[in-house]
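*Asks:* Converting from the sequence shown to the working numbering requires adding 1210 to each position, the first position being numbered 1. For glycine and all other residues, C-beta sits at the position ideal for the given N, C-alpha and C. I have a structure here, written as structure tokens, and I will follow up with some questions on it.
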Amino acid sequence: MVPTRPITWCNDANQAVALIGNNTWHEVQVAVLVLLETVNTSVFVATSMSKSGCNVAEATGTFFWISGLGTWTITSDIEGKAVLSTGKATISQGVWYNLELITKGGMSTASIDGKVVASGVSVPDQPGFVGMGTGGFYSVQFDDFSMKQP
């Protein structure tokens, strides 16, 4: 992702975001490899994102975050304020992690490196984009994105 905020033409998100697909996708399983380059960073993979473009800062959906400070969080907003579930995880900088998020029937399961960290979390049951991004503008690497129906 980009380490500094680019020039913007509208009031968009205060973080780097990449959207994939269209806003009609529903009940999706997404996975991506992520590498945090510094400790004070966070990264997310998302399903059911309701907004795009200049309105992405207002997006709701299901967002699975990990932080270099050793936490994971599932939120229903892109700002990370509407917390649905949270916990501790061993997250180190410079290490690749496989994040997986499954949403189906208003429920969510999240995994780090194949280990389920949250299951049966009630999430918004809405169609939307899938995506990935960061909690700000800093260097994070992504690789091997995949998506399928659960």
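Do GLY1316 and VAL1333 have their CB atoms nearer than 8 Å?
*Replies:* The count along the sequence shown starts at 1 and reaches residue 1316 at position 106. The count along the sequence shown starts at 1 and reaches residue 1333 at position 123. Their beta carbons are under 8 Å apart, which means GLY1316 touches VAL1333 by this criterion.
*Asks:* Alpha carbon to alpha carbon, how far is SER1295 from SER1277?
*Replies:* Taking the first residue of the sequence shown as 1, we reach residue 1295 at position 85. Taking the first residue of the sequence shown as 1, we reach residue 1277 at position 67. Near 14 Å, if we compare the C-alpha coordinates of SER1277 and SER1295.
*Asks:* Kindly indicate which residue of TRP1235, LEU1279, ALA1228, LEU1229 has the alpha-carbon position closest to the one of GLY1338.
*Replies:* Position 128 of the sequence shown holds residue 1338. Ranking TRP1235, LEU1279, ALA1228, LEU1229 by Cα distance to GLY1338 puts TRP1235 first.
*Asks:* Report the option in THR1319, TYR1307, ALA1267 whose CA atom is closest to the CA atom of VAL1238.
*Replies:* Here the question's residue 1238 lines up with position 28 in the sequence shown. Comparing Cα-Cα distances from VAL1238 to each of THR1319, TYR1307, ALA1267, the minimum goes to THR1319.
*Asks:* I think ILE1230 touches VAL1327, with their Cβ atoms under 8 Å apart; what is that distance to the nearest whole Å?
*Replies:* Numbered from its first residue, the sequence shown carries residue 1230 at position 20. Numbered from its first residue, the sequence shown carries residue 1327 at position 117. Between VAL1327 and ILE1230 the Cβ distance is about 23 Å, and since that is not below 8 Å, they are no contact.
*Asks:* Can you check which of these residues, ASN1232, CYS1220, SER1329, ALA1241, is closest to LYS1358 by C-alpha distance?
*Replies:* Counting from 1 along the sequence shown, the entry for residue 1358 is found at position 148. The shortest C-alpha separation from LYS1358 is found at ALA1241.
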